[in-house]
Amino acid sequence: MSVELESKLKEVEEYIDSLELEGKDKVTKRSYLIHVLHRAQEIIGYLPIEVQKLIAKKLDVHASDVYGVVTFYNFFSMKPKGKYPISVCLGTACYVRGSGDILEEFKKQLGIKENETTEDGLFSLHAVRCVGACGLAPVVMIGDEVHGRLTKNDVKKLIKEYRERG
Ligand code: FES
Numbered sequence: 075m076s077v078e079l080e081s082k083l084k085e086v087e088e089y090i091d092s093l094e095l096e097g098k099d100k101v102t103k104r105s106y107l108i109h110v111l112h113r114a115q116e117i118i119g120y121l122p123i124e125v126q127k128l129i130a131k132k133l134d135v136h137a138s139d140v141y142g143v144v145t146f147y148n149f150f151s152m153k154p155k156g157k158y159p160i161s162v163c164l165g166t167a168c169y170v171r172g173s174g175d176i177l178e179e180f181k182k183q184l185g186i187k188e189n190e191t192t193e194d195g196l197f198s199l200h201a202v203r204c205v206g207a208c209g210l211a212p213v214v215m216i217g218d219e220v221h222g223r224l225t226k227n228d229v230k231k232l233i234k235e236y237r238e239r240g
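Letter by letter, the sequence shown follows residues 75 to 240 of this note's numbering.
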């Protein structure tokens with residue numbers, strides 16, 4: 075395990091300890107599962123097996139239950155995000171202006187599904203709700219850069235632009 079992952083696991087552990095669940099009953103502890111998984115994903119960026127095992131132990135649930143929840147919800151990811159995470163806004167303003175087609179075009183061009191990362195580690199693809207830039211709909215965020223008023227014909231060009239950055 076990398077030193078970086080180790081220190082992040084420690085951070086997750088400290089967060090769970092701060093919830094003061096020690097001594098609480100099983101049902102109460104389990105009720106925190108989704109909340110803790112969200113926090114862990116914020117801290118680490120994804121949910122590797124190591125953190126799932128830690129959460130299972132701390133919340134007194136079976137590791138297979140944690141795995142079941144992680145794989146059931148598509149907002150949880152077991153793989154690290156790409157260097158350039160692509161977030162396609164599917165909020166109403168963007169959706170009515172065709173962001174669904176843009177998402178499909180990214181899938182086609184990159185050969186990945188939502189919440190997957192390309193083999194070269196450059197891109198991962200995510201669907202998000204309103205990012206607060208509705209005036210520019212349809213909007214795609216790549217990393218923290220906003221791209222607005224896109225059509226599906228812009229997808230190829232955008233991918234090329236970021237690929238060239240390396
Ligand atoms: S709905 Fe896409 S930015 Fe608001």
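Here a beta-carbon is modelled for each residue, glycine too, at the ideal position from N, C-alpha and C.
Open item on the list: Does the distance between the C-beta of Gly165 and the nearest non-hydrogen atom of the ligand FES fall short of 7 Å?
Closed with: Remark: the shortest separation between the CB of Gly165 and any heavy atom of the ligand FES falls under 7 Å.
Task: Residue ranges of each beta strand (DSSP E) within the stretch 106-190, 3 or longer - done: If we require 3 residues or more, the beta strand (DSSP E) runs fully inside the stretch 106-190 come out as 158-163.
- [ ] Flag Ala211 as yes when its Cβ comes closer than 7 Å to any non-hydrogen atom of the ligand FES, and as no otherwise.
- [x] Ala211: yes, Cβ under 7 Å from the ligand FES.
Task: Alpha carbon of Lys132 to alpha carbon of Lys153, nearest angstrom - done: Lys132 and Lys153: Cα-Cα distance of roughly 22 Å.
Open item on the list: the ligand FES and Pro205: does any heavy atom of the ligand fall closer than 7 Å to the residue's C-beta?
Closed with: According to the sequence provided, residue 205 is Val. The question's Pro does not apply to it. Yes, the ligand FES has a heavy atom inside 7 Å of this Cβ.
Open item on the list: I need the straight-line Cα distance from Pro122 to Val135, nearest angstrom please.
Closed with: Looking at the backbone, the Cα of Pro122 and that of Val135 are separated by about 17 Å.
Task: 7 Å CB neighbourhood of Leu224 in its chain, flanking five on each side removed - done: Cβ neighbours of Leu224 beyond the five flanking positions: Ile176, Pro212 and Val214.
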